[in-house]
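**Student:** The structure follows.
As structure tokens, then:
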């Protein structure tokens, strides 16, 4: 569950920073379900429900692509998987856009305040 919360925080952080600094492309990404010790520890024998899982190389490829792409090819605040922006809020019927995973501006403000406190700003 910690991974899911951390990933959600990355999405919110990228959205916020992209809106505050439109000249810089802040994005978040998902490597796809990748065969790692973390996945094994979190899912154990249930990890098979995530099949087919990616190799470490396959999981890191999209992150490397994002890090080396020209900013003109990227959408600020987007959540990428397989080199394409993906939906960030899929809590509607049949995995359509929904509101269940959307956070309020106040919640994001609180997260940003805590992040600044942690880094001593």
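Numbering (the working numbering), first residue to last: 12 to 132. Don't be surprised by glycine CBs; every beta carbon is placed ideally from N, CA and C.
1) Spatial neighbours of residue 50 within its chain, please: C-beta separation below 8 Å, excluding the five flanking residues on both sides.
2) Checking 9 Å against the spacing of the C-beta atoms, do residue 92 and residue 41 come in under that value?
3) Among 81, 132, 48, which residue has its Cα nearest to the Cα of residue 66?
4) Among 16, 14, 33, 27, which one has its Cα closest to the Cα of residue 83?
5) Whose CA, out of 120, 81, 77, lies closest to the CA of residue 95?
6) CB-CB under 6 Å to residue 132, same chain, minus the five flanking residues each way: which ones, in chain order?
7) Which residues bound the beta strand (DSSP E) around residue 91?
**Tutor:** In terms of the structure at hand:
1) The answer, listed in chain order, is 44, 58, 61, 64.
2) Yes, the pair counts as a contact, with Cβ atoms nearer than the cut-off.
3) Nearest option by C-alpha distance: 48.
4) Nearest option by C-alpha distance: 33.
5) That would be 77, whose Cα lies nearest to the Cα of residue 95.
6) Cβ contact annotation for residue 132 (same chain, cutoff 6 Å, sequence separation greater than five): none.
7) Here the beta strand (DSSP E) through residue 91 covers 90-92.
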